[in-house]
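What follows is a set of notes on a single structure, which appears directly below.
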Amino acid sequence: MSKPIRVRIAPSPTGDWHLGNARTALFTYLFARHHGGEFFLRVEDTDQGRLVEGAVDRLLVLMEWLGLTPDLYDGLPYVRQSDRLDLYKEAAEKLIAEGKAYYCFATGEELAHMRSEQEAAKLPPRYDNRWGYRDLPLEQAQARIAAGDSYVIRFKMPQEGETVVVDLIRGEVRFANNLTDDFVMIKADGFPTYHLAHVVDDHLMEISHVTRGDEWLSSVPKHVQLHEALGWDLPEYIHFPVILGPDKGKLSKRHGAKPVFEYEIDGYLPEALINFLALIGWSSGTDEELFSLDELIKKFDVKGLQKSPAVFDATRLDWFNGQYIRRLSSRELSSRLYEYYDVRKDPVILERFDEYSEKMPAIIASVHERLVTLKDFAEHTYFYFVAPEAYDPNLLPAKKQTLEDVSRVLEISVSALSSLEDWSHDSLEQYLRQVGVEHDLKVGDLLWPLRVALTGLPASPSTFDVLAILGKDESLKRIAYAQALLAS
RNA sequence: GGCCCGGUCGUCUAGAGGCCUAGGACAUCAGGUUCUCAUCCUGAAGAUCAGGGGUUCGAAUCCCCUCCGGGCUACCA
7 MSKPIRVRIA PSPTGDWHLG NARTALFTYL FARHHGGEFF LRVEDTDQGR LVEGAVDRLL
67 VLMEWLGLTP DLYDGLPYVR QSDRLDLYKE AAEKLIAEGK AYYCFATGEE LAHMRSEQEA
127 AKLPPRYDNR WGYRDLPLEQ AQARIAAGDS YVIRFKMPQE GETVVVDLIR GEVRFANNLT
187 DDFVMIKADG FPTYHLAHVV DDHLMEISHV TRGDEWLSSV PKHVQLHEAL GWDLPEYIHF
247 PVILGPDKGK LSKRHGAKPV FEYEIDGYLP EALINFLALI GWSSGTDEEL FSLDELIKKF
307 DVKGLQKSPA VFDATRLDWF NGQYIRRLSS RELSSRLYEY YDVRKDPVIL ERFDEYSEKM
367 PAIIASVHER LVTLKDFAEH TYFYFVAPEA YDPNLLPAKK QTLEDVSRVL EISVSALSSL
427 EDWSHDSLEQ YLRQVGVEHD LKVGDLLWPL RVALTGLPAS PSTFDVLAIL GKDESLKRIA
487 YAQALLAS
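The number in my numbering is simply the position in the first sequence, starting from 1, with 6 added.
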């Protein structure tokens with residue numbers, strides 16, 4: 007590998023990225039950065055019928071969010087194939103001139119008819135040159151074009167011997183040439199097909215390693231033959247195994263394969279997503295699991311890439327996200343949360359950040375280790391801002407407690423707390439534990455009813471936290487409400 | 001159908017002929033810490049290495065066959 011490493015990620019702007027696309031980009035990025043190479047983005051918009059408005063802009067934002075920002079190419083953020091039509095045409099015409107490609111005038115209906123005929127005869131469907139365009143003299147073809155006939159340009163695939171492909175993950179793969187037919191390079195609309203465009207661009211962009219999904223492996227013979235016909239050196243090939251859905255089928259929307267940007271909306275951290283994705287189909291060879299992007303760059307090695315496809319497991323992603331959230335400092339978590347709701351333009355939460363800015367650090371700290379996603383924050387802290395109402399009073403008793411016990415506990419609490427001056431967490435804890443002892447109450451029997459009274463919930467942050475954050479007035483108010491609820 | 005690729009606990013994986021009575025992580029279950037939940041700690045269960053033949057003193061690792069899964073077989077990428 008003496009050549010400089012230059013790689014590219016080449017999506018077609020036909021929709022939003024799912025995790026599989028993001029992982030291909032990640033591996034490609036890691037490979038480039040590990041070797042100190044360059045990482046470009048090339049937009050493959052050669053299928054004019056499938057273009058999706060705004061897809062490229064959203065992709066750029068997403069890549070930035072993931073931390074996979076591509077390098078500038080000729081000063082531009084990406085290369086766009088529709089800007090390079092002349093280049094493909096030039097290559098195709100060179101091949102025509104050399105007799106390595108030809109004009110084909112078969113219509114769509116004719117081709118469809120050919121295929122159905124072959125299918126009926128149990129023959130493998132392929133372009134069989136039944137109209138003889140492969141051998142049509144160039145002058146005749148040009149005459150038809152001049153007459154306005156619609157045409158495509160096909161590559162004359164060699165029909166003898168085999169094409170040997172080397173993939174860095176799988177090693178040598180062999181294909182018999184007579185099984186590949188004369189594929190289309192230039193479509194009737196003048197746009198190139200993937201095969202031609204990829205070969206031309208990767209050559210012109212001096213891409214050292216072609217990285218892409220596994221689904222391309224069986225097309226490589228076309229690309230190899232094209233390189234040879236054009237007289238160009240072959241790049242190295244790396245075909246990543248695909249990501250499967252939980253049903254072991256293709257990643258589909260039905261099985262949690264949402265567009266990647268929805269993971270952002272759902273409160274996942276990009277570093278968690280990156281770490282999670284990196285470990286699907288790649289292993290460092292050690293028992294370590296948690297890697298930052300920088301660590302991944304250092305450790306990434308093609309040797310650690312898996313040959314087999316992997317199933318995507320959402321619960322594992324949750325674990326990574328929880329890990330990363332817990333590793334954030336309170337300050338970092340706080341700014342992440344604010345940023346998250348700010349981007350979401352969530353007026354309710356943003357207002358709370360504003361109005362409760364003094365208490366916010368304590369509020370966040372109280373739920374920090376309980377969050378799986380940033381989105382969870384709203385739900386976990388709701389009770390701080392909105393007093394519980396009309397909850398089931400049967401929630402109030404701790405295990406083995408009666409409603410009468412609860413009344414007594416609340417009464418004791420009210421009278422004790424009313425006289426407490428220092429309403430800090432530590433003071434509250436010290437004091438209440440002592441109150442418990444004085445009244446012969448187990449801590450749980452004192453704190454459970456209190457917590458339910460304050461939050462209306464069976465699970466919440468520590469009662470001392472809740473008390474301290476709510477403050478004396480609000481706490482006593484909520485306890486009084488619980489007492490009223492019990493009485494009714 | 002044909003051609004390619006793949007197949008280790010439910011999931012992600014370690015494993016390049018003896019270190020494997022197959023290791024780790026997620027999930028699960030049990031216990032501990034604890035006012036609840038969560039965190040954290042400890043432990044358990046979980047894989048006859050898809051199946052069958054070889055090769056070898058010895059195979060998850062090498063070879064062959066079968067089965068299963070996936071991809072390609074477009075004027076889609």
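Using N, Cα and C, we set each Cβ at its ideal position, and we do this for glycine too.
- P164 has its alpha-carbon roughly 27 Å from the corresponding atom of F246.
- Under the DSSP assignment, A28 falls in the alpha helix (DSSP H) whose first and last residues are L25 to H40.
- Judged by DSSP secondary structure, H204 falls within the alpha helix (DSSP H) whose first and last residues are Y200 to L210.
- Judged by pairs of C-beta atoms under 8 Å, the region 453-469 touches the region 385-394, as three or more such pairs exist.
- For the set A493, L93 and F282, the Cα lying nearest the Cα of V317 is the one of F282.
- A contact is defined here as three or more CB-CB pairs under 8 Å, and the region 219-234 meets this definition with respect to the region 166-175.
- Listed as beta-bridge partners of T169 by DSSP are F181.
- Where F470 is concerned, the enclosing alpha helix (DSSP H) starts and stops at T469 to L476.
- Here F391 carries a helix assignment [DSSP, helix/strand/coil].
- Among the bridge pairs identified by DSSP, L311 is matched with W288.
- Here the region 272-280 makes contact with the region 320-334; the two share three or more CB pairs at distances below 8 Å.
- Counted as a single uninterrupted DSSP element, the beta strand (DSSP E) harbouring H215 occupies residues H215 to G219.
- A distance of 8 Å or more separates the beta carbons of R14 and R39.
- Inclusion of I249 and P315 in the CB contact set at 8 Å is warranted, their separation being smaller than that value.
- Going by DSSP, E294 is part of no beta strand (DSSP E) at all; its letter is neither H nor E.
- Exposure of R56 is indicated by the presence of fewer than 16 other C-beta atoms within 10 angstroms of its C-beta.
- Boundaries of the beta strand (DSSP E) harbouring I159: V158 to F161, taken from the DSSP string.
- In this structure, the alpha-carbon of P241 lies about 38 Å from that of I271.
- Here DSSP, grouped into helix, strand and coil, assigns H245 to strand.
- Taking C-alpha positions only, W454 is separated from T379 by approximately 27 Å.
- Between the alpha carbons of E178 and L101 lies a gap of roughly 28 Å.
- Annotated as proximal: M211 and F46, with beta-carbon spacing under 8 Å.
- In the displayed model, Y109 falls within a strand according to three-state DSSP.
- One thing to note: F189 has its Cβ within 8 Å of the Cβ of H201.
- DSSP places F46 outside any alpha helix (DSSP H); the residue lies instead in the beta strand (DSSP E), whose first and last residues are E44 to V49.
- Looking at the backbone, the Cα of F37 and that of G310 are separated by about 12 Å.
- In the three-state scheme derived from DSSP, where H, G and I count as helix and E and B as strand, I192 is classed as strand.
- Beta-bridge partners of R14 (DSSP): F46.
- For W454, the uninterrupted alpha helix (DSSP H) run begins and ends at V449 to T461, by DSSP.
- Close CB contacts of I286 within its chain, under the 7 Å cut and outside five residues either way in sequence, are with R29, I249, A316 and F318 (chain order).
- Look at R376 here: in three-state DSSP terms it is helix.
- F267 is not a Cβ neighbour of D77, given a cutoff of 8 Å.
- Per the C-alpha coordinates, the member of D360, A459, D428 and Q440 positioned closest to A474 is D428.
- In this structure, the straight-line span from the alpha carbon of H24 to that of V349 is close to 21 Å.
- In the three-state DSSP reduction, L74 falls in the coil class, being neither helix nor strand.
- The beta carbons of R86 and D51 sit closer together than 8 Å.
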